[in-house]
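Notes for the one structure printed next.
2 protein chains.
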Amino acid sequence: MTQTDPAPLPADLLPADCPVPSVPVLGSRKWAWRIIRCLEDGPRRFSELRVPLAGITAKVLAESLRSMEQDGVLVRTEFDENPPRVEYALTPLGRTLLGPMDAMCAWSRENLAGLLAARAEHERGH
Amino acid sequence: MTQTDPAPLPADLLPADCPVPSVPVLGSRKWAWRIIRCLEDGPRRFSELRVPLAGITAKVLAESLRSMEQDGVLVRTEFDENPPRVEYALTPLGRTLLGPMDAMCAWSRENLAGLLAARAEHERGH
DNA sequence: CTGTATCCTGAAAGATACTG
DNA sequence: CAGTATCTTTCAGGATACAG
Numbered sequence: 001m002t003q004t005d006p007a008p009l010p011a012d013l014l015p016a017d018c019p020v021p022s023v024p025v026l027g028s029r030k031w032a033w034r035i036i037r038c039l040e041d042g043p044r045r046f047s048e049l050r051v052p053l054a055g056i057t058a059k060v061l062a063e064s065l066r067s068m069e070q071d072g073v074l075v076r077t078e079f080d081e082n083p084p085r086v087e088y089a090l091t092p093l094g095r096t097l098l099g100p101m102d103a104m105c106a107w108s109r110e111n112l113a114g115l116l117a118a119r120a121e122h123e124r125g126h
Numbered sequence: 001m002t003q004t005d006p007a008p009l010p011a012d013l014l015p016a017d018c019p020v021p022s023v024p025v026l027g028s029r030k031w032a033w034r035i036i037r038c039l040e041d042g043p044r045r046f047s048e049l050r051v052p053l054a055g056i057t058a059k060v061l062a063e064s065l066r067s068m069e070q071d072g073v074l075v076r077t078e079f080d081e082n083p084p085r086v087e088y089a090l091t092p093l094g095r096t097l098l099g100p101m102d103a104m105c106a107w108s109r110e111n112l113a114g115l116l117a118a119r120a121e122h123e124r125g126h
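As they're listed, the protein sequences go chains A and B.
Its first residue numbered 1, the first sequence is counted upward by one per residue in UniProt numbering.
Its first residue numbered 1, the second sequence is counted upward by one per residue in UniProt numbering.
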C-alpha cells in the first residue's frame with residue numbers, strides 16, 4: 001500500500017471489476033440459490049417450498065426467507081385465513097438474478113463432473 | 001440427519017429438483033471469488049495475492065488455494081529457487097468461470113446499493 | 001399451516017506464533 | 001518467501017419441542 005514495489009498487483013484491482021467479495025444474497029446462505037429457483041415459476045407457500053428443498057428445516061427455511069425478504073429479492077404475503085396461508089414470490093429485483101444464475105448453473109452442469117473427478121484424483125494421489 | 005434417506009447425495013453439490021443448489025468452487029469459500037479475479041490477468045505469487053486480498057491471513061489463503069487447486073481451477077507451480085518462489089495461475093477450466101462471474105459481478109454492481117438500502121430500511125423500521 | 005424457541009454441532013475463518 | 005501449527009471464535013445450519 002504505502003510501499004514502493006516494482007510491479008505490484010494494485011490493491012484496487014478488485015473494486016474496479018468486482019465490487020464485492022462474493023455474490024450478495026446468494027453467497028453465505030446455503031439454500032438461497034435453490035429457494036430462488038423454486039420461486040421462478042410463481043409464488044409458493046411455505047410448505048410447498050419444503051418439498052423440493054428436501055431436508056431443509058422449518059427454522060432454516062424461515063430464516064432464509066426472512067433474510068432474502070430483507071434484501072428485497074422476495075416478498076412475503078400473509079393471507080388472513082384459517083388455516084393460515086402465506087405466499088412467497090420473487091420481486092422484480094429478485095427476477096433480475098435469474099439471468100446471472102442461469103449462466104452459473106450452465107457452468108456447473110458442464111463442469112461438475114470434471115470437478116468431482118479432479119478432486120477424487122487428488123484424494124487418490126495423496 | 002437421523003432420517004432414513006434412500007439416496008444420500010452430496011447435499012452441497014447435487015440438486016434435488018433445481019439445476020444446481022449452489023455454485024461449486026465459489027460457494028462456501030469466502031475468498032474464492034476474489035482469488036480468481038486476482039489471477040485473471042496472469043500468474044501471481046503467494047505474497048502478491050495477499051495485497052489485494054487485504055485482510056486475508058496466510059493460513060486461509062493457503063487453505064483456499066489448496067482447495068481450489070484440488071478442484072482443478074488453478075495450478076500451483078513451485079520454482080526451485082532461493083528465496084522460494086511459488087506461482088498460482090488459473091487453469092483453462094478456471095478461466096471458463098470468468099464469464100459467469102462477470103454476469104454476477106455486473107448484477108452486483110447494479111444492485112448492491114439497492115440491496116444495502118433495502119436491508120437498512122428493514123433494520124430501521126421493523 | 002406457518003412458524004418460534006432452545007440447544008447443539010461443525011466447518012470456516014481469524015489470531016498468533018513459529019519454520020524451511 | 002511461502003508457508004505450517006495451534007488455538008479460539010463465529011455463525012449458519014440441524015434436531016427437537018412447542019405455539020398461534
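Idealized CB from N, CA, C, for every residue including glycine.
If you're wondering where the values come from, they're calculated on a predicted model, not measured in any experiment.
Reduced DSSP secondary structure (H/G/I, E/B, other) of residue i
{"i": "L97 of chain A", "result": "coil"}
Status (buried if at least 16 other CB within 10 Å, exposed otherwise) for residue i
{"i": "P24 of chain B", "result": "buried"}
{"i": "L72 of chain A", "result": "This sequence places Gly at residue 72 of chain A; Leu is not what is there. Buried, by the Cβ-count rule."}
{"i": "N82 of chain B", "result": "exposed"}
{"i": "A120 of chain B", "result": "exposed"}
{"i": "P100 of chain A", "result": "buried"}
{"i": "P52 of chain B", "result": "buried"}
{"i": "R109 of chain B", "result": "exposed"}
{"i": "L112 of chain B", "result": "exposed"}
{"i": "R124 of chain A", "result": "exposed"}
{"i": "G114 of chain A", "result": "exposed"}
{"i": "L26 of chain B", "result": "buried"}
{"i": "L49 of chain B", "result": "buried"}
{"i": "L116 of chain B", "result": "exposed"}
Nonlocal neighbours in the same chain, by C-beta distance under 8 Å from residue i, ignoring five residues either side
{"i": "R44 of chain B", "result": "C38, E87, Y88, A89"}
{"i": "W31 of chain A", "result": "L53, I56, V60, L61, S64"}
{"i": "T77 of chain B", "result": "P43, V86, E87, Y88, A89"}
{"i": "S22 of chain A", "result": "S28"}
{"i": "W33 of chain A", "result": "L26, M101"}
{"i": "E40 of chain B", "result": "L90, L98"}
Cutoff 6 Å; reference residue i; Cβ partners in own chain excluding five residues on either side
{"i": "V75 of chain A", "result": "A89, T91"}
{"i": "F46 of chain A", "result": "V86"}
{"i": "F79 of chain A", "result": "R85"}
Close beta carbons around residue i, own chain, < 7 Å, minus the five adjacent residues each side
{"i": "L93 of chain A", "result": "G72, V73"}
{"i": "R29 of chain A", "result": "S64, S67"}
- 3-residue-minimum beta strand (DSSP E) runs that sit fully inside the region 7 to 91 of chain B, ordered along the chain: Residue ranges of uninterrupted beta strand (DSSP E) with 3 or more members, entirely inside the region 7 to 91 of chain B and ordered along the chain, are 74 to 79, 85 to 90.
- If you measure beta-carbon to beta-carbon, which residues of the region 76 to 109 of chain A are closer than 9 Å to chain B? Residues passing the 9 Å Cβ filter: L93, T96, L97, G99, P100, M101, D102, A103, M104, C105, A106, W107, S108, R109.
- What residues in the region 109 to 124 of chain B have a beta carbon less than 9 Å from any beta carbon of chain A? If you check each beta-carbon in the region 109 to 124 of chain B against every beta-carbon of chain A, the ones closer than 9 Å belong to R109, E110, N111, L112, G114, L115, L116, A117, A118, R119, E121, H122, E123.
- What residues in the region 42 to 55 of chain A bring their beta carbon closer than 9 Å to a beta carbon of chain B? Within the region 42 to 55 of chain A, the qualifying residues are V51, P52, L53, A54, G55.
- Message: Against chain B, which members of the region 20 to 31 of chain A pass a CB distance test of less than 8 Å?
- Response: Taken in chain order, the members of the region 20 to 31 of chain A whose beta-carbon sits within less than 8 Å of a beta-carbon on chain B are V20, P21, S22, V23, P24, V25, L26, G27, S28, K30, W31.
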